[in-house]
Amino acid sequence: MSDALDRWQVERAEALDSLDSIHGKITGRKRGRKYNTKHLNRALFVALAAEFQGFCRDLHEDAAIHIANSLQTVPGNAKAVPVVLDALVRERTISSTRGPSKDRRLDKGNADFSALVTDFATLGILISDELKARYPRKSPKWVRTLEALNDARNGIAHSDAQKLASSDRDHGLTLATFRRWRSSLNGASVGMDRVVGAYLLDLTGTKPW
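At position 50 of the sequence shown (counting the first as 1) the number is 50 in UniProt numbering, and the numbers step up by one without a gap.
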């Protein structure tokens, strides 16, 4: 298991569990006033999108670190390791007085599926193909869940009434939907961890986790 998956299943899970619990304490697990319930529910979807994006960034970095560290097996490569690592995670340090700038899509926008495909491709991983090959029945559902979650998140974050109405009509932005999507992303996180781990083993000859 990668550090990214461990963090998703422990630290990030605890954060989402706490929001679910707060929701229950406020509503009493009953239908409250529509306005109050609506905004509590929306907070859950924003948090779920943020935590899953964090997992994706963590997994990408875990993979990049393993690739960069594998170069140290060759004498004289030690100085190249941080350069390669920065390139893999698309960090650029232009000035010693400023922090590095980041060009990964996962650092700038949503963790939609196209962002995952683009950023993991910098590591040589065709993550869409790998997931389809290993999980032909499950991976399409994971993609649909992620697309629906990010549509909802964008509607909430930008107060886009049209997107919110569409998400609510198509899926129902309720506690039940939050839990269903969270369960789907739990499966996606394990699947991603496994395909990335298998790719890294094949690439470097050493188990990454």
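Note that CB positions come from ideal geometry on N, CA and C, so glycine has one too.
Since this is a predicted model, take the numbers as computed values, not measurements.
Residue closest to residue i, alpha-carbon to alpha-carbon, out of the options
i           : options               : result
residue 126 : 67, 199 and 135       : 199
residue 152 : 202, 116 and 49       : 49
residue 1   : 22, 135, 58 and 203   : 58
residue 142 : 136, 110, 185 and 174 : 185
residue 137 : 4, 191, 45 and 42     : 191
residue 122 : 68, 24 and 4          : 68
residue 7   : 203, 111 and 193      : 193
Residue span of the alpha helix (DSSP H) that contains residue i, given as start and end
i           : result
residue 111 : Careful: residue 111 lies outside any alpha helix (DSSP H) and carries neither H nor E.
residue 196 : 175-204
residue 128 : 127-134
residue 7   : 3-7
residue 155 : 139-157
residue 14  : 13-27
residue 168 : 161-170
Straight-line gap, residue i to residue j (C-alpha atoms, nearest Å)
i           : j           : result
residue 92  : residue 169 : Low confidence applies to residue 92: its pLDDT is 42, below 50, so where it sits in the model is not reliable, and the reading given next is rough at best. C-alpha separation (whole angstroms): 43 angstroms.
residue 171 : residue 56  : 24 angstroms
residue 189 : residue 161 : 30 angstroms
residue 205 : residue 147 : 34 angstroms
residue 26  : residue 157 : 22 angstroms
residue 39  : residue 4   : 29 angstroms
residue 94  : residue 70  : Low confidence applies to residue 94: its pLDDT is 38, below 50, so where it sits in the model is not reliable enough to give any reading.
residue 47  : residue 182 : 11 angstroms
residue 163 : residue 175 : 18 angstroms
residue 114 : residue 196 : 17 angstroms
residue 109 : residue 103 : 10 angstroms
residue 41  : residue 23  : 8 angstroms
residue 202 : residue 155 : 40 angstroms
residue 20  : residue 178 : 9 angstroms
Outcome for residue i when other beta-carbon atoms lying within 10 angstroms are tallied against a minimum of 16
i           : result
residue 10  : exposed
residue 53  : buried
residue 12  : buried
residue 139 : buried
residue 167 : buried
residue 111 : buried
residue 62  : buried
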